[in-house]
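These notes concern the structure reproduced below.
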Amino acid sequence: MREQILVSAQRLVQQRGFNGFSYADIADEVGIRKASLHHHFPTKTDLGLALIDAYTTQLQSGLRHIGESFNNPADQLRAYVAIYRGSLDAGRMCMGGMLASDALTIDPVMLPGLKGFFACNIEWLTEVLAVGNSQRIFALSGSASDHARMLLAALQGALLIARTTEDIEAFERTTSLLITDILRKG
175 MREQILVSAQ
185 RLVQQRGFNG
195 FSYADIADEV
205 GIRKASLHHH
215 FPTKTDLGLA
225 LIDAYTTQLQ
235 SGLRHIGESF
245 NNPADQLRAY
255 VAIYRGSLDA
265 GRMCMGGMLA
275 SDALTIDPVM
285 LPGLKGFFAC
295 NIEWLTEVLA
305 VGNSQRIFAL
315 SGSASDHARM
325 LLAALQGALL
335 IARTTEDIEA
345 FERTTSLLIT
355 DILRKG
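Numbered per the working numbering, the sequence shown spans residues 175 to 360.
As structure tokens, this is what we get:
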């Protein structure tokens, strides 16, 4: 039941934001009473902390899979972008981005986990970019970590704009340009 609650809550956060759903929404969807939901997660903050932990674990698993599946850093970046495209195709946003948009209104105890989620993204991207730069696949105009932050911010923004405008082709063009711009020419 705990897993079903987390799956439901994650979807709701990715579609509506953390402040856009209630325990009643989850209870209705999962088919339990709100009191049972409170048994698993006494407060919405407890649920939020569990969501961040689970989402970060999902991310880490996905990044490991990318690393095992693709040797070329450019292909790894394309696979990373595909994660965002998958969210868009499912009518969702990155949960990290949705929680970040609620950062001023969520319990501050959730912020370290959220920062950790973004740090995990940046660390992985930095490593991929640094390897690609050392292999002369990428031509970075700044540090790998600066490019990692830029890519993460651009992907979050591209996802947000594509969802708002319902323009998936613009998302595709933007994300393609992000990778093309750092590829070494010739």
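Where is the CB? At the ideal position from N, CA and C, for every residue including glycine.
| Asked | Found |
| --- | --- |
| Of the choices 332, 343 and 304, whose alpha-carbon is the least far from that of residue 356? | 304 |
| On a Cα-Cα basis, can you pick out the residue from 268, 292, 345 and 257 that is closest to residue 319? | 292 |
| Counting beta carbon pairs with one atom in the stretch 308 to 322 and one in the stretch 227 to 234, are three or more of them shorter than 8 Å? | no |
| Between the stretch 251 to 265 and the stretch 203 to 212, do three or more beta carbon pairs fall short of 8 Å? | no |
| Given a cut-off of 9 Å on the beta-carbon distance, is the pair residue 284 and residue 229 in contact? | no |
| Got a sec? Which residues, its chain only, sit under 6 Å from residue 237 by beta carbon, not counting five neighbours each side? | 298 |
| Buried or exposed for residue 175, please, with buried defined as at least 16 other CB atoms from any protein chain shown within 10 angstroms of its CB. | exposed |
| Hey, is the stretch 243 to 255 in contact with the stretch 179 to 189, meaning 3+ C-beta pairs nearer than 8 Å? | no |
| Whole angstroms is fine: what's the gap from residue 247's alpha carbon to residue 348's? | 19 Å |
| For the alpha helix (DSSP H) that contains residue 241, what are its first and last residues? | 218 to 243 |
| Return the residue from the list 215, 331 and 296 that minimises the CA-CA distance to residue 178. | 215 |
| So for residue 312, helix, strand or coil by DSSP? | strand |
| Under 6 Å Cβ to Cβ from residue 329, same chain only, skipping five residues before and after it: list those, please. | 258 |
| Please identify the residue among 198, 219 and 337 whose C-alpha is closest to the C-alpha of residue 260. | 337 |
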